[in-house]
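Peer 1:
Here is the structure:
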């Protein structure tokens, strides 16, 4: 979301003076302060500001219960906390008061993307674009259009988002970073590197921007540079992206102590963001074996896929993937669950779930690579080859260093594929 607030609106007073300032503040002042905190949370990718922002929005609503901007702020906090049902309810309430709030439709679209309701998300993002074509609305539309198969149009829309700019340099840098990853998936490594480097220069303290540049560097074989970027990202704020790659790189170096600490941080990160991990509530040994219990908390497709890609805890990975898909049946969770079924030899189940992901023709080479493995497991070599070739068609430089068997499978599918991988 884009708001006109600035960090300079954050609390300048301290102690009793700060309380007095709040008591005298208008709803508009309170909302502006809340927005500034939410922007800060975005810049730092740090959820510690959410409650303070929510308190400010609630204070504004005590003064003016019909303040649509305060209601919208609470929707923003709820979505940021992945409480999407609550976020949708607050966004609808804001729209009832003011049907011209572009950000309310954006928040509804965000929730629908998470839930795999892409047609509905298109409608809401279009409404947001119609009301206010800017960085926020262009970037959301860009991601959705790209994710659902129109790669070129999605990248063009992200370029429009970057051109539109924003009051905060970090928001523009975030869009540059997102575009760099789109380019990475297309095999345009030099362009991705240039844009990712530019984004990091504009937002040197944004952990995800740094991690995305690290991913590009790792794909280019610049391991030491990538490691440095992941470490800087992790020091600023842990993310799945930095932690998963740090684990791999420390493991490759034979630095088991560091890899173990990073693994524990990764599990802790997902426990914090998604609740207790089934079977890992009380870690005992080097990879968190512990007491088992029934898992009701929101699950993480990212964590499940981390385990699957590295051959860790297949039973836990399957359970986590099933829960994640049940809660958020989107492309990512469908892909992850299909991979989990494949790892267990349940290729019929895998193919059924993978069909849900492929329905939207996402421009992600890895999905087609795994679809090929599933079809190979079903004995359909011709369909497997079509999927392998599609992966390389999308990205002639397709290479995932954390999937050691990838090159062998692709190399066996066609001479063209072999050449593309050398």
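Residue numbers (the working numbering): 87 to 508.
A virtual CB, placed ideally from N, CA and C, is assigned to each residue, including glycine.
#1: With 16 other CB atoms within 10 Å as the buried threshold, where does residue 416 fall?
#2: What did DSSP end up calling residue 113 once you bin it into helix, strand or coil?
#3: What residues in its chain sit with their C-beta under 6 angstroms from that of residue 214, if we drop five residues either side in the sequence?
#4: Between the alpha carbons of residue 177 and residue 200, how many angstroms are there, rounded?
#5: What are the start and end residues of the alpha helix (DSSP H) that includes residue 162?
#6: Apart from the five residues on each side of it in sequence, which residues of its chain come closer than 8 angstroms, Cβ to Cβ, to residue 166?
#7: Taking its Cβ as the centre, do 16 or more other Cβ atoms sit within 10 Å of residue 287, making it buried, or is it exposed?
#8: Taking 7 angstroms as the cut-off, is the beta-carbon of residue 203 closer than that to any non-hydrogen atom of the ligand SAH?
#9: Taking residue 240 as the reference, give the member of 148, 257, 268 with the closest Cα.
#10: When the Cα atoms are used, what is the spatial distance from residue 292 to residue 256?
#11: Considering only the alpha carbon of each residue, which of 480, 458, 478 lies closest to residue 470?
#12: By a C-beta neighbour count over all protein chains shown, 10 Å radius and 16 as the cutoff for buried, is residue 481 buried or exposed?
#13: Short check: CB of residue 302 to CB of residue 330, under 8 angstroms?
#14: Within a Cβ cutoff of 7 angstroms, which residues of the same chain sit near residue 423, ignoring the five residues on either side of it in sequence?
#15: Which residue comes first and which comes last in the alpha helix (DSSP H) that contains residue 234?
#16: Keeping to the same chain, check which residues put their C-beta closer than 7 angstroms to that of residue 373; ignore five residues upstream and five downstream.
#17: In angstroms with no decimal places, state the Cα-to-Cα distance between residue 156 and residue 253.
#18: For residue 321, is the classification buried or exposed, using 16 other Cβ atoms within 10 angstroms of its Cβ as the cut-off for buried?
#19: Can you tell which of 477, 279, 116 has the C-alpha that lies nearest to the C-alpha of residue 452?
#20: For residue 455, which of helix, strand or coil comes out of DSSP?
#21: Can you grab the Cα-Cα spacing for the pair residue 211 / residue 394, in whole Å?
#22: Within 10 angstroms of its Cβ, does residue 430 collect 16 or more other Cβ (buried), or is it exposed?
#23: Assign residue 121 to buried or exposed, taking buried as 16 or more other Cβ atoms, counted over all protein chains shown, within 10 Å of its Cβ.
#24: CB residue 225 to CB residue 179, shorter than 8 angstroms?
#25: Exposed or buried, residue 231, counting other C-beta atoms within 10 Å across all chains shown (16 or more means buried)?
#26: Check whether the Cβ atoms of residue 318 and residue 294 sit closer than 8 angstroms, and answer yes or no.
#27: If you follow the alpha helix (DSSP H) that residue 446 is part of, which residue opens it and which one closes it?
#28: Taking the alpha-carbon of residue 312 as reference, which of 174, 332, 323, 324 has the nearest alpha-carbon?
#29: Count the other CB atoms, across all protein chains shown, that sit within 10 Å of the CB of residue 588; report buried if there are 16 or more and exposed otherwise.
#30: Considering only residues of the same chain and omitting the five flanking positions on each side of residue 282, which have a CB-CB separation below 7 angstroms?
#31: Using a Cβ-Cβ cut-off of 8 angstroms, state whether residue 192 counts as contacting chain C.
#32: Name the two residues that bound the continuous alpha helix (DSSP H) containing residue 400.
Peer 2: By the coordinates alone:
#1: buried
#2: helix
#3: 188, 191, 192, 223
#4: 16 angstroms
#5: 154-166
#6: 124, 127, 133, 136
#7: exposed
#8: In terms of ligand content, the structure shown is empty, and the ligand SAH therefore cannot be addressed.
#9: 268
#10: 7 angstroms
#11: 458
#12: buried
#13: no
#14: 407, 408, 411, 439
#15: It is not in any alpha helix (DSSP H) - residue 234 carries neither H nor E in the DSSP assignment.
#16: Its pLDDT being 39, under 50, residue 373 is placed unreliably in this model, and the value from its coordinates should be taken loosely. Once the five neighbours on either side are set aside, the close Cβ partners of residue 373 are 349, 398.
#17: 20 angstroms
#18: exposed
#19: 477
#20: helix
#21: 33 angstroms
#22: exposed
#23: buried
#24: no
#25: buried
#26: no
#27: Taken as a continuous stretch (DSSP letters only), residue 446 belongs to no alpha helix (DSSP H), as it is neither H nor E.
#28: 332
#29: In this structure the chain extends from 87 to 508, so residue 588 is not present and cannot be described.
#30: 263, 266, 298, 299, 302
#31: The chain labelled as chain C is not found in the depicted structure, where only one protein chain is given.
#32: 400-413
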